[in-house]
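Below: one structure, written as structure tokens.
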């Protein structure tokens, strides 16, 4: 049975009549502001904790895979720069040697 606001107010008034104002306020403050169906249980929190741990593990795994792919991409790019630079240096050296021989 769900408790609506009207029934909560009726309980508060009955508690005031039976216990007095201060005690009734204390009693009402001990009750949840919503229905008990909306309050998380220990089992709910345990399931949430397990879900969060799984999510954290999956996120760590995703980040490791991303890091590996990024490193591989940088490695390929670096190799391409080295090959291109080496080719240019060799070509420049050969051109210099040929120009020197032709100039003699």
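In this note's numbering, the protein residues as written are 24 to 127.
Ideal Cβ positions, reconstructed from N, Cα and C, are used throughout, including at glycine.
Every value quoted in this text rests on a predicted model; they were computed, and no experiment measured them.
To the nearest angstrom, report how far apart residue 26 and residue 63 are at their CA atoms.
17 Å
State the Cα-Cα distance for the pair residue 81 and residue 66, rounded to the nearest angstrom.
22 Å
Expected contact under 8 Å - CB spacing of residue 51 and residue 38 to nearest Å:
7 Å
Residue interval of the alpha helix (DSSP H) (run including residue 70):
65 to 126
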